[in-house]
Structures are given as C-alpha cells and as structure tokens.
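Chains as they are written, first to last, in this note's numbering: chain H, 33 to 301; chain S, 924 to 1188. Glycine included, every Cβ here is placed at the ideal spot set by N, Cα and C. Because the structure is a prediction, the values reported are computed rather than measured.
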Amino acid sequence: MLAAVDKYRHAFLLGLQGNLVYRWNFAVRGFFSLFHLAVVFILWGAAFAGTEAIGGFDLRQTLTYFITILVLQFFVSAFNEDYQISEEIRNGLINQFLLKPINYFLYRFSIFVAARLVSGALVILPLLVALPFVHGVLTFPLEPWRLAIGLPAVFLSAMIQFTIAYCFGMLTFWFLEIQGFVILSMAIEAVLGGQIFPLDLMSPDIFATSMLLPYPYQMYFPAAIFTGRFGFEESLWCLGIQACWVGILVVISRGLWARGLRRHTAVGG
Amino acid sequence: MLHYFRIWLASVRYSIVRTMMFRGDFLVWSLVELFWMTVNLLLINVIYRHTDSIAGWDKYEMILLVGTSMLIQRFLMGFFWSSIFEMGRNVRTGAFDFFLAQPGNIMFMATTRKLDPDGLINSVVAAGVVLYAVNQLGLQPGPLDVLLYAFMVGCGLVIHYSILVLSISLVFWLTSAQGVEGTYFTLTEFSRLPREAFKGFVSQALFVWLLPVVVVSNAPARALIDRFELSWAWTLGPFLFAAAWFGLAVFVFHRGLRRYTSASS
C-alpha cells in the first residue's frame, strides 16, 4: 500500500520541481490578473453607483466574490493540463505508462496538485502588493461551517477542473487537434463557472438549471460559500451534487482512457 | 501603393485557400470567437437586470460601446493577429529571414501576410450588434455620422495594431515574446468600459491617456450617440493618438530590426 502511494509522491515531487521552473511565468500571470481585477473594480463600481445592492449584495460583497474567484483560479484551475496530456498521447509518451504499474490518471493528478500548489503560492505575491488597495473592500462572513464545507468544496472543485481537462486531453485519441474544443469549453466554463459574474445574478430559472451542471462547481460554488452567497443547507445540498459530478466525471475519464487505448498505436521502442 | 495592394491581395488569396483546406478549424475558431463575444454581451445583460445605468450609459449605449470594441478587435484579429503573433516566433527561430528577402517594406510584409477569415466573419456579427444597438437607441445617423464612426474605428484599429506590433517587437531584445498576447487581451478588457467609469487621476492618466485603449472604443460610440455635438478633443484625439502610436511602432520595429541576427543559417 505504502509503495503504491510512494510512486505518486515521487510524481508529486517531480511536478513541484517542474513547475517551480515556471515560477516567473505564474508570477507574471498573477500580476496581470490584477489588471483584470482593476477592470472588475471599475465596472462594478460604476454599476453600483446608482444602487445600494445588486442581487441582494453590496459592492464590497461583490468585489470580495471576484477576489475570491481570482485566488481560487490559481489554486484549482487546470491551466494547460489538457494540452500536456494531449501532447503525451500524440507524441507517444504515454507508451511508457502502459508498461509500468502506474495509473496514468493518478500520475497526472499528482502533478496537477503540485502545479496548483506552486501557482497558488505564487499568486500570494501580487495579492500582497494589491492588499493595501483592496483590504478595505474585503468582507467575509465568519461562520465556522463555511470553512468546514468550503475546504472540501475547493478540493472537489480541483477534481472537477482536473477531470474535465483530462477528458479533453483524452479526445486526442480521436482528434489530432483539441485546441478549438478547449477554448470553446473555456468560454462556457468562464460564464457558468462564475468568473464573469456571480451566477445568482441570472434569472432564478437559469440559475437553478445551471446549478445542475458541473461548471458552477468548478469555482462559483466554493466562492459562494466563502463569500456568504450560500446558506448552510444550500451549501450542503450542493456539496452532494458536486461529489456526484466528481464521480460521474471520473467514470467518464476512465471510459475515455479505456476506449482511447483501443485506438492507440504504440510505435517504436 | 498599387504594388502593395497587389501583394496584399496575393496574401488574401493564399489565406482563403488555406482556410478552405482546414474547414473544420475555420468552423471551430469562428464558434470560439462568437462564444466570447456572446459572453461579453451576456455580462451587460446580467448587470442591467439589476441597474439602469453604468457611469451614465444605459443598456443599449453599453451594447453599442461593447459592439464597437468587438468590431475593432475582430478587424485586428482578422487582418493582422496571426501575422503579428507569428512574427515573435519567426524572429526567435530565424524564419524571419523569409520576410527580409521579400520585395517590399519589411513591417508591411511581416504584419499583413496572413488573414484570419474567422475573425472577419465575426466582424459581421459585431457590426450586427452595433446596428442592433443603434436601432434600439432610435438613432438615425446620416452619411457623415457613419463616415465619422468608420474613421474612428479605423483610428482604433491603427492604435490596436501599433500597440501589438510594439509589444511583439520586444522579441528583438528579449528573444521570446511568449505571453505578450495575454497582456494585450487584458488591456482590451478596458476598452469595453465607458470613459466616465474611470475615476481618479491615476486610472484616467493610465488607461485613457497613456494607453488609449478606452478612447479607441469610446470615441466611435460617442460619435454615433452624440453625433456632431462631440468636442474637438474627442474628434481629433483618436486621429492624433493613432498617428503617434503608429509612428512609435514603426520606430521601435526598425530599431529592433537592426538587432536581428538570423538564427536559421
């Protein structure tokens, strides 16, 4: 059992080393995301100029939501895991995994966790720079249950992000180029993941329907727990739906791997 | 001039033939751009469900502003994006030699070689968004208003083109311009905001005057909404900005070119 875990620990450590090489890339990305935050502040600041509350939340609560989303992005988002998997399939690099006692999904997930720890740690730097300007708007509800439900929700969000990216990577078994699919999906994820606006600002019917899809559980759901947009019962119920989606996506990803391997031809030694 | 037009037409022919060869790609990328445009409109729709005005702009004025910003961006993507984006890679790999041997101005040849029909197709959609907003606002622009609008969109395109060429020209010094495209897209986010939303000296100085991304879209939209009640600053401003930024882009590009050392031979 320990030996089985140990090999993924090594993959995790390799992932840490590999991603630390790109530390400046992540730091620059974090710095430029502050510009996006500036757009959000200007736009929503202007929208709130004539009204006290939008969707039942004031300006500070809304801006806190967007800052939380920004931080979550660096901790749970799949940045380019789909492309990496696609490259490994296209270049035949997955052949080595077919001959070794290692699960490709868990191997990639170990690297993903390492990558998110590095990018998450590095986003702290630009946030510290921005803190003097934004600390006045930050307002978080302090009920302890939000942490108890929110942290598992963040982990499950990362799982959903990773499995969706993994499934897109698997499409390389059928299609040579997956970039178009990925960017198309990014647009859907940006909207239904709550990155463009808090989903609860949509009409109640559309909001209720969207909460049945996996996308809101990629980022919106944990952000909504931490920023007070969801109550206790609602959060618990959605945590259940989120766990179901993780299960469904893991099954789909395993299915795609099994079906894809039947089409795969390993050439060379 | 006619010589350059013929060269450009040859590039258009090449790009269209290439697109016809990869029809699936064309369809997917057209959809991708269409989706992102829809996302921007959706954001406006959601905000205006809860408020009547953003910095004094009503819903359809905002749609006109965002439509104008999208129109300029689609033109940039359609006419120049691929060529300028590839320029960075070509300088790094040494493939830029190819442009030095061509019969024409190097900056022209390097930045106009490829057209993206998917961007151009979506410029029709963006123009449709502008027309829809004009109709909803009950505006009835005359030929002069339309000419002024088109002129300002042209100025906006020149400014975007110049900023992009300037950014990618850094590759002559840095060797790699990876990630510059992300910076450009972040800046264009500002062009979808009304100028009146920028409060405070720093944000006005930085985004309205130093990097005129806000003026680029606000000026043409205002030209339609306010018609000839525009001040001279608003009418002449975009032209002066465009001329200044284009001049700077030409200067930096040619300074950079002196540093280019072929890597291919």
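query, result
"Across which residues does DSSP place residue 980 (chain S) in a beta bridge pair?", "S:977"
"For residue 67 (chain H), return the contacting residues in chain S, with the cut-off set at a CB-CB distance below 9 Å.", "1106, 1109, 1110, 1112, 1113"
"By the DSSP assignment, the alpha helix (DSSP H) with residue 42 (chain H) in it spans what residues?", "34-52"
"Find the residues of chain B that neighbour residue 1120 (chain S), judging by a C-beta separation of less than 8 Å, and give them in chain order.", "Absent here is chain B; the protein component of the structure consists of chains H and S."
"With a threshold of 16 other CB atoms inside 10 Å of the CB of residue 996 (chain S), please say whether the residue is buried or exposed.", "buried"
"Taking only runs that begin and end inside the segment 1142-1186 of chain S, name each unbroken alpha helix (DSSP H) of 4 or more residues, in chain order.", "1155-1182"
"Skipping 5 residues on each side, what residues in its chain have a beta carbon closer than 7 Å to that of residue 51 (chain H)?", "146, 147, 150"
"Taking CB distances under 8 Å as the criterion, tell me whether residue 1083 (chain S) reaches chain H.", "no"
"Rounded C-beta distance between residue 96 (chain H) and residue 183 (chain H)? I'm assuming under 8 Å.", "Residue 96 (chain H) to residue 183 (chain H), Cβ: 18 Å. No contact."
"Going by other Cβ atoms of all chains shown within 10 Å of its Cβ, with 16 needed for buried, is residue 155 (chain H) buried or exposed?", "buried"
"Report the rounded CA-to-CA distance for residue 886 (chain S) versus residue 984 (chain S), giving the unit in angstroms.", "No information on residue 886 (chain S) is available, as it lies outside the stretch 924 to 1188 that chain S covers here."
"Per DSSP, which one or two residues make a beta bridge with residue 86 (chain H)?", "H:89"
"If you run the structure through DSSP and keep just helix, strand and coil, what is residue 929 (chain S)?", "helix"
"What are the residues of the segment 244-263 of chain H that lie near chain S, defined by any Cβ-Cβ distance shorter than 9 Å?", "none"
"So the alpha helix (DSSP H) residue 264 (chain H) belongs to, where does it begin and stop?", "264-295"
"Residue 278 (chain H) and residue 218 (chain H): beta carbons closer than 8 Å?", "no"
"Would residue 59 (chain H) count as contacting chain S if we go by Cβ distances under 8 Å?", "no"
"What three-state label does DSSP hand residue 127 (chain H) in the structure shown?", "helix"
"Quick one, which of H:269, H:272, H:35, H:284 has its alpha-carbon nearest residue 203 (chain H)'s?", "H:284"
"Can you say whether residue 234 (chain H) is buried or exposed, counting buried as having 16 or more other CB atoms within 10 angstroms of its CB?", "buried"
"Between the alpha carbons of residue 910 (chain S) and residue 1011 (chain S), how many angstroms are there, rounded?", "Only positions 924 to 1188 of chain S appear in the structure, and residue 910 (chain S) is not among them; the question remains open."
"Quick one: what's got a C-beta closer than 6 Å to residue 267 (chain H)'s C-beta in the same chain, skipping five residues either side?", "181, 257"
"Could you tell me the boundaries of the alpha helix (DSSP H) in which residue 970 (chain S) lies?", "946-970"
"Looking only at its chain, what residues have a beta carbon closer than 7 Å to the beta carbon of residue 1138 (chain S), apart from the 5 residues adjacent to it on each side?", "1131, 1160, 1161, 1164"
"Going along the chain, which unbroken runs of the alpha helix (DSSP H) with 4 or more residues stay wholly within the segment 987-1067 of chain S?", "1005-1016, 1020-1023, 1029-1035, 1040-1059"
"Assign residue 1032 (chain S) to one of two classes, buried (16 or more other C-beta atoms within 10 Å of its C-beta) or exposed (fewer than that).", "buried"
"Note down the Cα distance separating residue 98 (chain H) from residue 92 (chain H), rounded to an integer number of angstroms.", "10 Å"
"Return the residue from the list H:127, H:88, H:120 that minimises the CA-CA distance to residue 200 (chain H).", "H:120"
"How would you label residue 176 (chain H), buried or exposed, when you count the other beta carbons within 10 angstroms and need 16 or more for buried?", "exposed"
"Assuming contact is defined by CB atoms lying nearer than 8 Å, are residue 71 (chain H) and residue 1116 (chain S) in contact in what I supplied?", "yes"
"Label residue 924 (chain S) either buried or exposed according to how many other C-beta atoms from any shown protein chain fall within 10 Å of its C-beta, with 16 as the threshold for buried.", "exposed"
"With a threshold of 7 Å on Cβ separation, who are the neighbours of residue 1147 (chain S) within its own chain once the five nearest residues in sequence on each side are excluded?", "987, 1057, 1062, 1064, 1068, 1072"
"Give a yes or no on whether the minimum CB-CB distance between residue 202 (chain H) and chain S is below 8 Å.", "no"
"In chain order, what residues of the same chain have a beta carbon less than 6 Å from the beta carbon of residue 960 (chain S), not counting five sequence neighbours either side?", "993"
"Determine the chain H residues that contact residue 951 (chain S) at a beta-carbon separation under 8 Å, and present them in chain order.", "212, 213, 216"
"For a contact defined as C-beta to C-beta under 8 Å, what are the partners of residue 981 (chain S) on chain H?", "The contacting residues do not exist; residue 981 (chain S) stays about 11 Å from chain H at best."
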